[in-house]
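Novice: Below are the structure tokens for one structure; questions will follow.
Residue numbers (the numbering used here): 2 to 358.
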């Protein structure tokens, strides 16, 4: 049994690696075409484009893992079926449950790799890619609106005109309100440098205070400012929620909740990030009955095409349920787990039907 497990594992890993190589080259080419249109903007040169494409690869690895695992497993099993090795394995006493357990061993490794890329490798690489591109083109890290970034901090509203690559803030406005939401003061600083523990050093500050019907203005060369803002929170604003790590999503969702803002999009992305590694196991489980089910309905090529279609269907279904959950305000857990549960049900139903034949 150990020999069979090793043989099956090596076949699946080799096939999945081959699929990964093809898919990553394809997506890298798409990224290159997408970025090449910005060639020459500011200081954006070919070397920046190449580095940006390479830094985007880890995020593609994370996104493509379920699809690659499905196609790779389907290809490996289809080869075994075509050569009658699968039939020999089953007739020698290996049950479908034992085959599922063998696939599960490989699937756990794939799931851990998916989690590692999605949590520790992909998000930092994507943030670095965005910083590189933004710095080369405009010299800025983020500018959400024409008036800059707007962030709510308890009873205060913060407007940052520009964020430089080293997390230096330019054009900082702080609108401070009291418990009754009356405007108490407006502070404007030309520059803000991060110190530590969410403390900033504001320079060239002009503060306007309001006390009843009176208003006063004073100028301060430097002022210490304690805020929810820190470089990590600013970097969150540079990437899509789907490309953030689970910890960043959790932290930012909590920040939004504490400030009575909607966090549904980030909660859906958080649960999707947690469930995504498990989708690798589900995709491999789906490949087991599917490869044998169509043994007389086409060769290996037809099954690979079917695997690609299934993988694309899963990918688009994930996005569809995320958007539907956001529009209809469904529970985040339900929106994130529905596609995986649907495909798991299909896999279990196919295996049950196969065993009854």
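Idealized CB from N, CA, C, for every residue including glycine. From a predicted model like this one, the values you see are computed outputs, not experimental measurements.
Taking residue 104 as the reference, which of 220, 73, 19 has the closest Cα?
Specialist: Taking the first residue of the chain shown as position 1, residue 104 is located at position 103. It is 73.
Novice: Taking buried to mean at least 16 other C-beta atoms within 10 Å of its own C-beta, is residue 354 buried or exposed?
Specialist: Position 353 of the chain shown, counted from the start, is the residue given in the question as residue 354. Per the 10 Å Cβ criterion, exposed.
Novice: May I ask which residues mark the beginning and end of the alpha helix (DSSP H) holding residue 75?
Specialist: Start at 1 with the first residue of the chain shown, and residue 75 comes out as number 74. 47-83 is the extent of the alpha helix (DSSP H) around residue 75.
Novice: Does DSSP put residue 175 in a helix, a strand or coil?
Specialist: As a working mapping, residue 175 is identified with position 174 in the chain shown. Strand at residue 175.
Novice: Would you call the stretch 88-106 and the stretch 28-37 touching, i.e. three or more CB-CB distances under 8 Å?
Specialist: Judged by Cβ distances under 8 Å, the stretch 88-106 makes no contact with the stretch 28-37, as fewer than three pairs qualify.
Novice: Is it the case that the Cβ atoms of residue 284 and residue 311 are separated by a distance below 9 Å?
Specialist: Sequence index remark: in the chain shown, residue 284 carries index 283 (1-based). Sequence index remark: in the chain shown, residue 311 carries index 310 (1-based). Cβ distance < 9 Å, so residue 284 and residue 311 count as in contact.
Novice: By alpha-carbon positions, which one of 59, 174, 215 ends up nearest to residue 127?
Specialist: Looking up residue 127 in the chain shown gives position 126. The option with the nearest alpha carbon to residue 127 is 59.
Novice: In chain order, what residues of the same chain lie with their CB nearer than 6 Å to the CB of residue 257, ignoring the 5 residues before and after it?
Specialist: As a working note, residue 257 is residue 256 in the chain shown. Same-chain partners within the cutoff: 264.
Novice: Can you give me the C-alpha to C-alpha distance between residue 316 and residue 191, rounded to a whole angstrom?
Specialist: Numbered from 1 along the chain shown, position 315 holds the residue referred to as residue 316. Numbered from 1 along the chain shown, position 190 holds the residue referred to as residue 191. For residue 316 and residue 191, the distance between alpha carbons rounds to 45 Å.
Novice: Going by DSSP in three states, residue 202 sits in which element: helix, strand or coil?
Specialist: Indexing the chain shown from 1 puts residue 202 at position 201. Reduced to three states, the DSSP call for residue 202 is strand.
Novice: Can you name the start and end residues of the beta strand (DSSP E) that residue 153 belongs to?
Specialist: The sequence position of residue 153 within the chain shown is 152, counting from 1. Here the beta strand (DSSP E) through residue 153 covers 150-154.
Novice: Under DSSP, the alpha helix (DSSP H) around residue 3 begins and ends at which residues?
Specialist: The residue you call residue 3 lines up with position 2 of the chain shown. Here the alpha helix (DSSP H) through residue 3 covers 3-37.
Novice: I need the DSSP call for residue 264, collapsed to helix, strand or coil.
Specialist: Counting from 1 along the chain shown, the entry for residue 264 is found at position 263. Here residue 264 sits in coil by DSSP.
Novice: Distance, Cα to Cα, residue 207 vs residue 161?
Specialist: On the chain shown, position 206 is the one that residue 207 refers to. On the chain shown, position 160 is the one that residue 161 refers to. If you take the alpha carbons of residue 207 and residue 161, they lie about 15 Å apart.
Novice: Bridge partners for residue 227 per DSSP, in chain order?
Specialist: On the chain shown, position 226 is the one that residue 227 refers to. Bridge partners of residue 227: 200.
Novice: Taking the alpha-carbon of residue 290 as reference, which of 106, 56, 50, 97 has the nearest alpha-carbon?
Specialist: One-based indexing of the chain shown puts residue 290 at position 289. Cα-wise, what sits closest to residue 290 is 97.
Novice: Give the range of the alpha helix (DSSP H) segment to which residue 349 is assigned.
Specialist: Position 348 of the chain shown, counted from the first residue, corresponds to residue 349. Run containing residue 349: 333-357, per the alpha helix (DSSP H) assignment.
Novice: Among 69, 41, 183, 136, whose alpha-carbon lies nearest the alpha-carbon of residue 25?
Specialist: Locating residue 25 in the chain shown gives position 24, where the first residue counts as 1. Selected option, being the one with the closest Cα: 69.
Novice: Around the C-beta of residue 119, are 16 or more other C-beta atoms found within 10 angstroms, so that it is buried, or is it exposed?
Specialist: Residue 119 sits at position 118 when you count from the first residue of the chain shown. Buried, since its Cβ has 16 or more Cβ neighbours within 10 Å.
Novice: Can you tell me whether residue 350 is buried or exposed, with buried defined as 16 or more other CB within 10 angstroms of its CB?
Specialist: As a first step, residue 350 must be located in the chain shown, where it is residue number 349. Exposed: under 16 other Cβ atoms inside 10 Å.
Novice: Which residue comes first and which comes last in the beta strand (DSSP E) that contains residue 163?
Specialist: The residue given as residue 163 occupies position 162 in the chain shown. Segment 157-164, the beta strand (DSSP E) holding residue 163.
Novice: Using only the alpha-carbon positions, how far apart do residue 1 and residue 194 sit?
Specialist: Outside the displayed span of the chain (2 to 358) sits residue 1, for which this structure offers no information.
Novice: Looking only at its own chain, which residues have a Cβ that is under 8 Å from the Cβ of residue 305, when we skip the five neighbours before and after it?
Specialist: Here residue 305 refers to the residue found at position 304 of the chain shown. These residues qualify, in order along the chain: 72, 75, 76, 79.
Novice: So if DSSP puts residue 192 in a beta bridge, which residue, or which two residues, is it bridged to?
Specialist: As a position in the chain shown, residue 192 is number 191, starting the count at 1. Bridge partners of residue 192: 171, 204.
Novice: Could you tell me which of 225, 184, 221 sits nearest to residue 212, measuring between CA atoms?
Specialist: Position 211 of the chain shown, counting from 1, holds the residue named residue 212. The shortest Cα separation from residue 212 among 225, 184, 221 belongs to 184.
Novice: Would you kindly work out how many angstroms separate the C-alpha atoms of residue 226 and residue 19, rounded to a whole number?
Specialist: One-based indexing of the chain shown puts residue 226 at position 225. One-based indexing of the chain shown puts residue 19 at position 18. Answer to the nearest angstrom: the Cα atoms are 53 Å apart.
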